[in-house]
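S.K.:
In our numbering, the protein residues as written are 256 to 546.
1. Any idea what DSSP makes of residue 425, helix, strand or coil?
2. Would you tell me roughly how many angstroms separate the C-alpha atoms of residue 281 and residue 259, rounded to the nearest one?
3. Decide yes or no for the touch test of the segment 415-422 against the segment 378-390: beta carbon pairs closer than 8 Å, at least 3 of them.
4. Are there 16 or more other CB atoms within 10 angstroms of the CB of residue 345, so buried, or fewer, so exposed?
5. Rounded C-beta distance between residue 405 and residue 365? I'm assuming under 8 Å.
6. Please say whether residue 501 and residue 485 have beta carbons closer to each other than 8 Å?
7. At what residues does the beta strand (DSSP E) containing residue 448 begin and finish?
8. Leaving aside the five residues before and after residue 316 along the sequence, list all residues of the same chain whose C-beta is less than 7 Å from its C-beta, in chain order.
9. Measuring CA to CA, which of 352, 359 and 271 is closest to residue 464?
10. For the structure I just gave you, are there three or more beta carbon pairs, one from the segment 335-354 and one from the segment 293-312, closer than 8 Å?
11. Would you call the CB atoms of residue 375 and residue 333 closer than 8 Å?
12. Here's the rule: buried if 16 or more other CB atoms are within 10 angstroms of the residue's CB, otherwise exposed. What is residue 357?
13. Taking the continuous alpha helix (DSSP H) assigned at residue 413, which residues delimit it?
14. Could you tell me the boundaries of the beta strand (DSSP E) in which residue 345 lies?
15. According to DSSP, residue 325 sits in a beta bridge with which residue or residues?
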């Protein structure tokens, strides 16, 4: 289904061997990672990281196009965050000793790692997050890995709809909405990404790439969630990401839409069931063009 729709990359949240088997020979670039609850043991013991790589990467490395190993999803600033960098180092070491050199090791963070970040040039990691992230940024610099960010303009818009125009969130603004020095922002996505760019610059990672590893707009379930807005947002996003942002113009942004399918058992919030582009029977929730 990914191939038939022209989708060339996938992110999964646990090492599901049925999915890995199905991806063999497909060429689809895969982001994969250990479960959050496994990070502490992989940080404490290299053997645990080595065993994870041996079980989930090595058997498939010649047939599956692994792109990133994501060590920890939105853990920062949880107390478990202290284990992310040691686990990343152990996974990197395990890959090295397995002669696997093409897979980048990274972690993914949400917008809650940011301090007050208006305008985007003020973007910075808040103190608690910076204590964890600044050394991680140096790891990313050393290994040429990007930082993965999960951002949701939908939630930013619905948290302050009187301050943020819907058109700004949906890429429909006809002119500059937010001015930041000599840079102008016509959409909320660019502003959110550039707050991370500014934060990376302050952390010594001005050349670290950014991958938007989660983003989407729900089609039902809460205020602002409807199929029309979801279609407009996701289509405009697809059409926009190749252009870069005001702080990084012309630099395409690798972006992963969340999610492929509506899931009736997802929760706890009702809205989480409605981020899918397709129903479970593979019919589209709304028309969308991927290429």
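Backbone N, C-alpha and C fix where the C-beta goes; we use that ideal spot for every residue, glycine too. In this text, all values refer to a predicted model and were calculated from it rather than measured experimentally.
M.R.: Taking the coordinates as given:
1. Of the three classes helix, strand and coil, the one that applies to residue 425 here is coil, per DSSP.
2. CA-CA distance, residue 281 to residue 259, rounds to 11 Å.
3. Because the criterion of three Cβ pairs below 8 Å is not met, the segment 415-422 and the segment 378-390 do not touch.
4. Buried: at least 16 other Cβ atoms inside 10 Å.
5. Contact between residue 405 and residue 365 is confirmed by a C-beta separation of about 5 Å, below the 8 Å threshold.
6. No. Outside cutoff.
7. Not the beta strand (DSSP E): residue 448 falls in the alpha helix (DSSP H), residues 443-457.
8. Once the five neighbours on either side are set aside, the close Cβ partners of residue 316 are 355.
9. In terms of CA proximity to residue 464, 359 leads the group 352, 359 and 271.
10. With contact defined as three or more Cβ pairs closer than 8 Å, the segment 335-354 and the segment 293-312 are in contact.
11. Residue 333 sits away from residue 375, with the two beta carbons spaced by 8 Å or more.
12. The Cβ neighbour count for residue 357, taken over all protein chains shown within 10 Å, is under 16; the residue is labelled exposed.
13. 408-414 is the extent of the alpha helix (DSSP H) around residue 413.
14. Residue 345 -> not in any beta strand (DSSP E); alpha helix (DSSP H) instead, spanning 339-352.
15. Bridge partners of residue 325: 361.
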